[in-house]
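Have a look at the structure below before the remarks.
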């Protein structure tokens, strides 16, 4: 199939400075579209356009950022739930006996962490020696101990959905406690290798991939053009190092909230598991994890939903209310619409662009970096 509206949007953005994108579309169980656009590395560390930018190809790895929460952490819990190895509703002290919050006796369940209803803070910058105080850590073991005993809630449990990296980091610790394996090893042995994935991993530079095989993200490491500094900060263009500082510096690149890398071919295979019968988890399990939580209909178990208005700017206006998915800060968007039998994987490197203000990347101001119009154009071409 041809998707001229989609291509017009992306090509316009590429011509005006957007870095690169890879798109795959499944409809009724078949891949009907796949294409890459633009550049894997377009800017130097001063955010000036390179004379000879490196073109993107479909074999290159993207940092999927928070889609790690789906393709790693949520899938791991679904896999364990399918095999009766995890109970969604018991307190996580069943798996981590020493777990406690620093400011309450409340203990969350696995369901609470998946649905972001535990009330735990959104994040904590363990890695930053200038702000972390006594919780400073650039050591994975130490960080895990802090996650187990030193975190605080910032809202009453079940009152609101507070999107939390910490919650997913803790959930990664729960998975490791149940499986007695590091998260990346468990996933590789039980899901990724069995699915035949060749380029989905944490810490790709340690797995034999070269920097030029990995799509570039932030142009000046984590310096934000001189506005940020801490011990061991990366200063050059990031290629193969996870963009999320908490994952990179404090969790050795392997965390429940971020750290995974994948290609467009591998990512669409992972996305396909949401609706396609497979040996990892049943469709009954998928339906359970896809149900909106009572606290906020925009959140399911691990997934975001298209119900209500909260996520429509990401998922577009034309997908069904049954649609689930997620985004990733580096420029990723997953959409799975079971009612219309549509799955869309958008992978970009929108953060590989000039910074307009601290942490606001020019790439995120383009339509390609905002996702919704791309997704609506796919539905238009499919006649939905």
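Numbering (my numbering), first residue to last: 103 to 486.
Beta carbons are placed, not taken as given, at the ideal position from N, Cα and C, and that holds for glycine.
Since the structure is predicted, the reported quantities are computational estimates derived from the model, not experimental observations.
DSSP links residue 156 through a beta bridge to 143.
Contact between the stretch 145-159 and the stretch 181-192 is not established, with fewer than three Cβ pairs separated by less than 8 Å. At the C-beta level, residue 269 and residue 306 stay beyond 8 Å of one another. A direct Cα-to-Cα measurement between residue 407 and residue 297 gives close to 26 Å.
Comparing alpha-carbon positions, the option among 351, 404, 344, 299 lying closest to residue 226 turns out to be 351. Under the three-state reduction of DSSP output, residue 479 falls in the helix class.
Remark: C-beta atoms of residue 353 and residue 126 do not approach each other more closely than 8 Å. Only buried fits residue 383, as 16 or more other CB atoms lie within 10 angstroms of its CB. Contiguous alpha helix (DSSP H) elements confined to the stretch 392-468 occur at 414-417, taking only those with 4 or more residues.
Annotation for residue 126: the continuous beta strand (DSSP E) segment containing it runs 122-129. The alpha-carbon of residue 304 is positioned some 6 Å away from that of residue 356. Partner residues in the beta bridge of residue 364, as assigned by DSSP, are 164. Assignment of beta-bridge partners to residue 348 by DSSP yields no partner. Per the coordinates, the alpha-carbon of residue 347 lies some 14 Å from the alpha-carbon of residue 453. In this structure, residue 379 lies away from residue 420, with their beta-carbon atoms at least 8 Å apart. Going by C-alpha positions, residue 168 is about 15 Å away from residue 365.
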